[in-house]
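Visitor: Attaching a single structure in structure tokens format; questions to follow.
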Amino acid sequence: MTRIPSTSRPLSLKRRHLLAGAAAGAALLTLPAMIGRARADGPIKVAAIYTVPVEQQWVSRIHKAANAAVERGDIEYVFSENTSNNDYERVMREYAEAGHDLIIGEVFGVEDAARQVARDYPETAFLMGSSFMPKDDAPNFAVFDNYIQDASYLSGIIAGAMTKNNNIGMVGGFPIPEVNRLMHAFMAGVKETAPDAKFQVAFIGSWFDPPKAKETAFAQIDGGADILYAERFGVSDAAKEKGVLAIGNVIDTQSDYPDTVAASALWHFEPTLDHAIEMVKAGSFKAENYGVYSFMKEDGCSLAPLGTFEAKVPEEAMKLVAEREAAIRAGTFEVAINDEEPKSN
Numbered sequence: 001m002t003r004i005p006s007t008s009r010p011l012s013l014k015r016r017h018l019l020a021g022a023a024a025g026a027a028l029l030t031l032p033a034m035i036g037r038a039r040a041d042g043p044i045k046v047a048a049i050y051t052v053p054v055e056q057q058w059v060s061r062i063h064k065a066a067n068a069a070v071e072r073g074d075i076e077y078v079f080s081e082n083t084s085n086n087d088y089e090r091v092m093r094e095y096a097e098a099g100h101d102l103i104i105g106e107v108f109g110v111e112d113a114a115r116q117v118a119r120d121y122p123e124t125a126f127l128m129g130s131s132f133m134p135k136d137d138a139p140n141f142a143v144f145d146n147y148i149q150d151a152s153y154l155s156g157i158i159a160g161a162m163t164k165n166n167n168i169g170m171v172g173g174f175p176i177p178e179v180n181r182l183m184h185a186f187m188a189g190v191k192e193t194a195p196d197a198k199f200q201v202a203f204i205g206s207w208f209d210p211p212k213a214k215e216t217a218f219a220q221i222d223g224g225a226d227i228l229y230a231e232r233f234g235v236s237d238a239a240k241e242k243g244v245l246a247i248g249n250v251i252d253t254q255s256d257y258p259d260t261v262a263a264s265a266l267w268h269f270e271p272t273l274d275h276a277i278e279m280v281k282a283g284s285f286k287a288e289n290y291g292v293y294s295f296m297k298e299d300g301c302s303l304a305p306l307g308t309f310e311a312k313v314p315e316e317a318m319k320l321v322a323e324r325e326a327a328i329r330a331g332t333f334e335v336a337i338n339d340e341e342p343k344s345n
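Counted from 1, the sequence shown has number 256 at position 256 by my numbering; the numbering is strictly sequential.
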């Protein structure tokens, strides 16, 4: 694994305009439906581009899965972190130009530019976090998202059983589909055990601003919240300081907040990345929705161990959690996916 600063000098981009103009249009008409060249035996070259530090919740799960693949010998891995949206396209082109087989990252703010890069490098596989679906004009550009609504719903059941005043605060980054669906699933879980619960919903306009998230959480506690949904870093710190509970998202922070974090919904990126590696090696990578590999039935998400709260959650709530999890994995119960912006009530 190699850390590449996002401000590194550009590599030669001798093919920057290879598919420009009319030539690009003609080339796109002949692109195959998948990348048809199987890779030789041995590790494939993977590069990742992150707009935040690798310690951030969402990105840390991708980073963890990539490092696991390195340890297995499946990939060679380099990455850039803290890459600004204005610089994202340049870094994508550098990695494609350097001959990486698979480029992963998140393009929520640079969607059009990222898809253009994919069109310009048709032999490179791109697997990008996106709120949009694959398109025919970029057959080598697959998308993923953390569809962990199953685990979020289960964590909500626990939150509903633990609240004393039916007032729950929720602090998110941006009201985009990948955040909205998790919040809605959590709220649905809460309603299972606390049907009269009310929610305070706020977004801080940043993916990584712990101080702002903390201050927003303080305001919700002042508004009566006794449990906080910590979609962003900083929320659990506020909960700890004020002596209320928090529900984690994407990563497990129970050991860091043993008296605060009652439950967490975990995202496991390994099934998503492992499928992409398999497809690249087979020469079968294509534009498809990898979001399904985050579902619980694909082992893409789970409820974290409760740790110090193992014996504190009411028994009836844990019985319901077990029943619902079994039904989700069996396909007999489906957690609704609602991408609309959640509102306070």
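From the three backbone atoms N, C-alpha and C, an ideal C-beta is built for every residue, glycine too. Here the structure is a predicted model, which is why all the values come from computation and not from measurement.
Going by C-alpha to C-alpha distance, which of A96, D112, D41 and V292 sits closest to F86?
Guide: The amino acid at residue 86 is misidentified as Phe; the sequence shows Asn. Of the listed residues, the one whose Cα sits closest to N86 is D112.
Visitor: Buried or exposed, going by whether 16 or more other CB atoms sit within 10 Å of the CB of E241?
Guide: So E241 counts as exposed.
Visitor: I'd like to know whether the C-beta atoms of L303 and L266 end up nearer to each other than 9 Å.
Guide: Against a cut-off of 9 Å, the Cβ pair of L266 and L303 comes out as a contact.
Visitor: Alpha carbon to alpha carbon, how far is T124 from F233?
Guide: Rounded to whole angstroms, T124 to F233 spans 34 Å at the Cα level.
Visitor: In angstroms with no decimal places, state the Cα-to-Cα distance between K191 and Y153.
Guide: One C-alpha to the other measures close to 10 Å.
Visitor: For G156, which of I328, A188 and G109 has the nearest alpha-carbon?
Guide: Selected option, being the one with the closest Cα: A188.
Visitor: Count the other CB atoms, across all protein chains shown, that sit within 10 Å of the CB of A322; report buried if there are 16 or more and exposed otherwise.
Guide: A322 comes out exposed.
Visitor: Which residue's Cα is closest to the Cα of W58: R72, N140 and F144?
Guide: Among R72, N140 and F144, the Cα nearest to that of W58 belongs to F144.
Visitor: Straight-line CA distance for E81 to G99?
Guide: Going from the Cα of E81 to the Cα of G99 covers about 19 Å.
Visitor: Note down, in chain order, each residue of its chain lying with its Cβ closer than 6 Å to the Cβ of A336, except the 5 sequence neighbours on either side.
Guide: Closer than 6 Å at the Cβ level, and outside the excluded window around A336, lies no residue.
Visitor: Given that a residue counts as buried once 16 or more other Cβ atoms are within 10 Å of its Cβ, and exposed if not, what is R61?
Guide: Looking at its Cβ environment, which holds 16 or more other Cβ atoms inside 10 Å, R61 is buried.
Visitor: For a test of the three-state rule: what should DSSP assign to M133, helix, strand or coil?
Guide: Of the three classes helix, strand and coil, the one that applies to M133 here is coil, per DSSP.
Visitor: Using CA coordinates, which residue listed in F309, G291 and G307 is at the minimum distance from C301?
Guide: Measuring from the Cα of C301, the nearest candidate turns out to be G291.
Visitor: Using only alpha-carbon positions, find the residue among N165, P195, S206 and M92 that is nearest to V52.
Guide: Residue S206 is the option with its Cα nearest to V52.
Visitor: I think I221 touches G169, with their Cβ atoms under 8 Å apart; what is that distance to the nearest whole Å?
Guide: At roughly 7 Å, the Cβ-Cβ gap stays under 8 Å, so I221 and G169 are in contact.
Visitor: Quick one: using the 10 Å Cβ neighbour count with 16 as the cut-off for buried, is A327 buried or exposed?
Guide: A327 is exposed by the Cβ-count criterion.
Visitor: When the distance is taken between beta carbons, is D259 closer than 9 Å to T308?
Guide: Yes. Within cutoff.
Visitor: Report buried or exposed for N249, applying the criterion of at least 16 other Cβ atoms within 10 angstroms of its Cβ.
Guide: With 16 or more Cβ atoms within 10 Å of its Cβ, N249 is classed as buried.
Visitor: Taking only three categories from DSSP, how would you classify G331?
Guide: Reduced to three states, the DSSP call for G331 is coil.
Visitor: Grab me the residues of N289's own chain with a C-beta within less than 8 Å of its C-beta, minus the 5 sequence neighbours each way, in chain order.
Guide: Closer than 8 Å at Cβ, skipping near neighbours: M133, P134, A142, V143 and F144.
Visitor: What residue range does the beta strand (DSSP E) around I103 cover?
Guide: Run containing I103: L102 to E106, per the beta strand (DSSP E) assignment.
Visitor: With DSSP collapsed to three states, give me the class of A20.
Guide: Note on A20: pLDDT 32, under 50, position unreliable in the model; the coordinate value appears next. Three-state DSSP puts A20 in coil, outside helix and strand.
Visitor: Below 7 Å CB to CB, which residues in the same chain sit around M92 once its five sequence neighbours on both sides are set aside?
Guide: Once the five neighbours on either side are set aside, the close Cβ partners of M92 are I49, I103, A114 and V117.
Visitor: From the DSSP output, read off the bridge partner residues of I168.
Guide: F199 and I227, per the DSSP bridge assignment.
Visitor: Can you pull the DSSP bridge partners for Y77?
Guide: According to DSSP, Y77 bridges with V46.
Visitor: Nearest to A230 by alpha carbon, out of S344, D120 and F203?
Guide: Among S344, D120 and F203, the Cα nearest to that of A230 belongs to F203.
Visitor: Quick one: residues in its chain with C-beta nearer than 6 Å to the C-beta of Y257, no 5 flanking neighbours on either side, listed in chain order?
Guide: Same-chain partners within the cutoff: S236 and K240.
Visitor: For N180, tell me which candidate among N338, A282 and Y88 has the shortest Cα-Cα distance.
Guide: Minimum Cα distance to N180 is reached at N338.
Visitor: Should A65 and F269 be called a contact, given that it needs their Cβ atoms to be closer than 9 Å?
Guide: Result yes, Cβ atoms of A65 and F269 sit closer than 9 Å.
Visitor: Short of 6 Å in beta carbon distance, which residues of its chain neighbour G105, apart from the five on each side in sequence? Order them along the chain.
Guide: Excluding sequence neighbours, G105 sits near A48, I49 and M128.
Visitor: Can you tell me where the alpha helix (DSSP H) holding W58 begins and where it ends?
Guide: Q57 to R72 is the span of the alpha helix (DSSP H), which, as asked, contains W58.
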